[in-house]
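Step one of this worksheet: look at the structure below.
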Amino acid sequence: MSTKRLVIKAGKTEGQYWRDLWHFKELFYFLAWRDLLVRYKQTVIGVSWALIRPFITMIVLTIVFGMLAKLDSGDIPYPILVFAGLLPWQFFSNALSESSNSLILNTNLVSKVYFPRIIVPTSSIIVSFADFLISALLLAGIMIWYNYVPDWRIFTLPLFIGVAFLAAMGGGLWLAALNVKYRDFRYIVPFIVQFGLYISPVGFSSGVVPDEWRLLYSLNPMVGVIDGFRWAILGGESQIYWPGFMISMVLLSVLFISGVRYFRKMERTFADII
Amino acid sequence: MAEPIITVNNIGKKYILGKKSESGAIKGGFPTLRDRITDGANWLKNKTISTLSGKKIVKPTYKEFWALKDVSFEVHPGEIIGIVGRNGAGKSTLLKLLSRITEPTTGEIILNGRVASLLEVGTGFHPELSGRENIFLNGAILGMSRSEIKKKFDEIVAFSEVEKFLDTPVKRYSSGMYVRLAFAVAAHLEPDILVVDEVLAVGDIAFQKKCLGKMDEVAKQEGRTVLFVSHNMETVQSLCQKAYLLEAGKIKEVGAPPAVISAYLRSLESLMNTYQGKLAQREDRSGEGTSRIIAAKVEDADGRKVIQADSRLRITIDYQGKNKILHPQFSATIYDYNKGIGIISLHSEMTGGLAQVFPEKGRLICITEPINITPGRCYINLTLLKSGTVIDYLQHAIYFDVEASDFYGTGKLQDRDWVMCLRQHKWLLETTEKIDAKQAY
């Protein structure tokens, strides 16, 4: 009987938590699988939406920033420049919106069953990652169209995907936990996402930002993520601003660690206040 | 005796209901971001004033509510424990603490085994997914691994009796099928401790029996421990070896089910007597609360106090609220007092005919056909709904006794221990002549 002894006491669950997380590891997959299955039910063109949305965004951004504003992209075709930035940005913004709403949408689970709550926002990020993979195929198609061959740096891409994950998790956990308590965040998140598209180098290369402002610009951690993606995908043509990248990395780590901590702290009251 | 499988030591759970404003009224709900900001600003202001003037500051007070307080007990392996108590006595909170959905404020619980809880039927079912997909999803949510679910899949399907509809989205299921599938998944969990809230109130009788049988089997043959909450006294009586009575967050009585049940019934009686004609003062109610049922009365249709099996009932309900009620619905459900089993549901949605808008304050009268209930005590649960959402729900609002009378005109009578309903009838021996059912009366 002493094999699974468990003591429930106010504020004394930390060690058990990570063990439970391991026990429920398949739930990450099942929740993501559910959301993916349900997502395109009763739609006419189904999964094509995952292609059409980024494609149209790319065209609009290319026209606005590349053709009307005539921003510089070096020798890189503007659509590729835009798409290499759009890829992490869309992943981040989708993950942020989905995960911040995830707990609210799963209220019935939170108030009726026990499992480590961190699974809910995390699996909604996994869902956004599936969209990301589909968009990545689209980028590969565009690169073939333009005959654009990436160099060795493309192999470092998984590293930057990991960084994007860190960003999405950090922001997502913060917002998911805050949203349970203060529903105000339901209105704040769409605003962050909309605003972020303009203050992050999605439609343009961060090279167009004047040098004296670049360090300040790097305080937006998505600058580091997007620059990293461009550096890996576009190869030799694109340069990375290392001091800025390091700042972004530090900020993202802080965001992630504090996100996990805040979520853990708030988690024990979720069932009472949701 | 072996080591207890559950040990609960002085457990307590506190909820904060809302902030008391200066007038002393409680603001509903939880603090919003704005509240936090104004609180912060006020604190800063008061702090400044108090440092300057040397006066003490008064902190804003929140109304606290202890859903459970100083509860201790032990459960041994293989025991089936029934938990009874009124609405708001802390039963659900206790189950939530045991299943780790929420944390205790004080005290500790020691569990010597894996807990699975079934607080709601079909938690996490997704209407768009098929029965098959939902079995996997629900299983995973309840803590089963994929291989475990695969192994038991056929057994689950057989238990649920929905083989033919496995690939149909559950949104097309009847509510009975839905419940069957959901319980089937939960019934095949293999925890050491099973915690069950009143989930069997739904579903048909035959399936309820099957589920109770399964729970009994689980406990007796496999040595599992079961804790469950029910308003159905008959179930508690037949299934449990031991029962707890919870009242106002404390354990009031522990013992063999018959003794605990009668203590529970006594407490119900005193509750209903105390608040007779003062229903507005009762706090153990649920719903939005924008309007309240403030009084209720049962008499026979002619206004007499004595109610007999062939009486027509007149139920009078007074309500009051701040706003007009759009699309109001009223329901009064009559239960057998001792067993907690529903006998008659009187629901305005079934009969129709109520106005679309009700004034802020008013009186509803419901008159029935002869009730044909066997003699014995009944209680009534009252619900007031607005466009389908519950505004006010009062469990055990009032009770009445059906007095013995000569229902059949033969001096013979059946009693409540055996059946609930009475019906005029005739017995005939079939002869060569055809019996005309209409002419029989």
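Order-wise, the sequence lines are chains A and B.
Using the working numbering, read the first sequence as starting at 1 and increasing by one per residue.
Using the working numbering, read the second sequence as starting at 1001 and increasing by one per residue.
Where is the CB? At the ideal position from N, CA and C, for every residue including glycine.
Handout entry: Proximal residues of chain A, C-beta to C-beta of glutamate 1449/B below 7 Å
Key = Since the displayed chain B opens at 1001 and closes at 1441, residue 1449/B lies outside it and no answer follows.
Problem - 8 Å Cβ cutoff met for glycine 1143/B and phenylalanine 185/A - result: no
Practice task
With lysine 1151/B as the anchor, note down where its alpha helix (DSSP H) starts and where it stops.
Solution key: 1146-1160
Exercise for the section: On a CA-only basis, which of Arg117/A, Ser111/A and Pro116/A is nearest leucine 1119/B? Give me that one, please. Expected result: Ser111/A
Handout entry: Cutoff 8 Å: threonine 1102/B Cβ touching any chain A Cβ
Key = Yes, contact with chain A.
Handout entry: Integer-rounded CB distance, given that alanine 1296/B should sit under 8 Å from proline 1375/B
Key = About 22 Å separates the two Cβ atoms, so there is no contact after all.
Practice task
Assign phenylalanine 275/A to one of two classes, buried (16 or more other C-beta atoms within 10 Å of its C-beta) or exposed (fewer than that).
Solution key: Chain A is shown only over 1 to 274; residue 275/A falls outside these bounds and no answer can be derived.
Handout entry: DSSP beta-bridge partners of asparagine 1381/B
Key = Thr1333/B
Practice task
Step through the CB atoms of chain B and report whether any lies within less than 8 Å of the CB of leucine 234/A.
Solution key: no
Exercise for the section: Tell me the start and end of each unbroken alpha helix (DSSP H) in the segment 1266-1314 of chain B that is at least 4 residues and wholly inside, in chain order. Expected result: Complete alpha helix (DSSP H) runs here, min 4: none at all.
Exercise for the section: At 3 residues or longer, and completely inside the segment 1047-1119 of chain B: list those beta strand (DSSP E) runs for me, N to C. Expected result: 1062-1075, 1080-1085, 1106-1111 and 1115-1118
Handout entry: C-beta neighbour in chain A for isoleucine 1083/B, strict 8 Å
Key = no
Practice task
Pair every Cβ in the segment 1067-1076 of chain B with every Cβ in the segment 246-257 of chain A, then say whether three or more of these pairs are closer than 8 Å.
Solution key: no
Practice task
Taking 8 Å as the threshold, find out whether the segment 1186-1199 of chain B comes into contact with the segment 1219-1228 of chain B through three or more Cβ pairs.
Solution key: yes
Exercise for the section: Compute the Euclidean distance between the alpha carbons of arginine 39/A and phenylalanine 129/A, then round it to the nearest angstrom. Expected result: 14 Å
Practice task
Give the single residue among Leu31/A, Val113/A, Pro243/A and Gly244/A whose Cα lies nearest to the Cα of isoleucine 126/A.
Solution key: Leu31/A
Handout entry: Cβ separation of isoleucine 273/A and threonine 107/A, assumed to be a contact under 8 Å, to the nearest whole Å
Key = About 11 Å; that fails the 8 Å criterion.
Practice task
Can you give me the start and stop residues for the alpha helix (DSSP H) that isoleucine 1344/B sits inside?
Solution key: Per DSSP, isoleucine 1344/B is not a residue of any alpha helix (DSSP H); the beta strand (DSSP E) it occupies stretches across 1342-1347.
Practice task
Look at the alpha carbon of isoleucine 8/A and the alpha carbon of arginine 19/A, and state the distance between them as a whole number of angstroms.
Solution key: 14 Å
Problem - phenylalanine 229/A beta carbon less than 8 Å from that of glycine 85/A - result: yes
Handout entry: Closer than 8 Å to chain A by CB, serine 1117/B
Key = yes
Exercise for the section: Buried or exposed for alanine 1187/B, please, with buried defined as at least 16 other CB atoms from any protein chain shown within 10 angstroms of its CB. Expected result: Alanine 1187/B is buried by the Cβ-count criterion.
Practice task
Specify, as a first and last residue, the run of the beta strand (DSSP E) that glycine 1139/B falls within.
Solution key: Taken as a continuous stretch (DSSP letters only), glycine 1139/B belongs to no beta strand (DSSP E), being part of the alpha helix (DSSP H) at 1131-1141.
Practice task
Output yes if chain B places a C-beta closer than 8 Å to the C-beta of tyrosine 114/A; else output no.
Solution key: Chain B, which has a Cβ nearer than 8 Å to the Cβ of tyrosine 114/A, makes this yes.
Problem - Members of the segment 1130-1164 of chain B that neighbour chain A once the beta carbon cut-off is set at 8 Å - result: Glu1133, Phe1136, Leu1137, Ala1140, Ile1141, Leu1142, Gly1143, Ser1145 and Arg1146
Problem - Extent of the continuous beta strand (DSSP E) run through glycine 171/A - result: Where glycine 171/A is concerned, there is no enclosing beta strand (DSSP E), although the alpha helix (DSSP H) it sits in stretches over 157-181.
Problem - Extent of the continuous beta strand (DSSP E) run through lysine 1242/B - result: 1242-1247
Handout entry: lysine 1096/B at chain A interface by Cβ criterion, 8 Å
Key = yes
Problem - Residues that lysine 265/A contacts on chain B, provided the C-beta gap is smaller than 7 Å - result: Against chain B, the beta carbon of lysine 265/A has no neighbour under 7 Å; the closest one sits roughly 12 Å away.
Exercise for the section: With distances taken Cα to Cα, identify the nearest neighbour of tryptophan 1427/B among Trp1418/B, Tyr1408/B, His1396/B and Arg1416/B. Expected result: When Trp1418/B, Tyr1408/B, His1396/B and Arg1416/B are compared, the shortest CA-CA separation from tryptophan 1427/B is found for Tyr1408/B.
Practice task
Label glycine 1028/B either buried or exposed according to how many other C-beta atoms from any shown protein chain fall within 10 Å of its C-beta, with 16 as the threshold for buried.
Solution key: Its pLDDT being 45, under 50, glycine 1028/B is placed unreliably in this model, and the value from its coordinates should be taken loosely. Answer is exposed; the Cβ neighbour count stays below 16.
Exercise for the section: Show which residues of chain A have a CB atom less than 7 Å away from the CB atom of histidine 1126/B. Expected result: Within 7 Å of the CB of histidine 1126/B, the CB atoms of chain A belong to Arg34 and Val38, in sequence order along the chain.
Problem - Contacts of serine 123/A in chain B (Cβ-Cβ under 9 Å) - result: Within chain B, no residue comes near serine 123/A; the closest Cβ sits about 11 Å away, beyond 9 Å.
Problem - Same chain, Cβ closer than 6 Å to alanine 1025/B, neighbours up to 5 away in sequence not counted - result: Here alanine 1025/B scores only 40 on pLDDT, less than 50, and its place in the model is too uncertain to base an answer on.
Handout entry: Three or more C-beta pairs below 8 Å linking the segment 77-91 of chain A and the segment 217-234 of chain A
Key = yes
Practice task
Taking aspartate 1284/B and arginine 1086/B to be in contact with their CB atoms under 8 Å, please state how far apart those CB atoms are, rounded to whole angstroms.
Solution key: 6 Å
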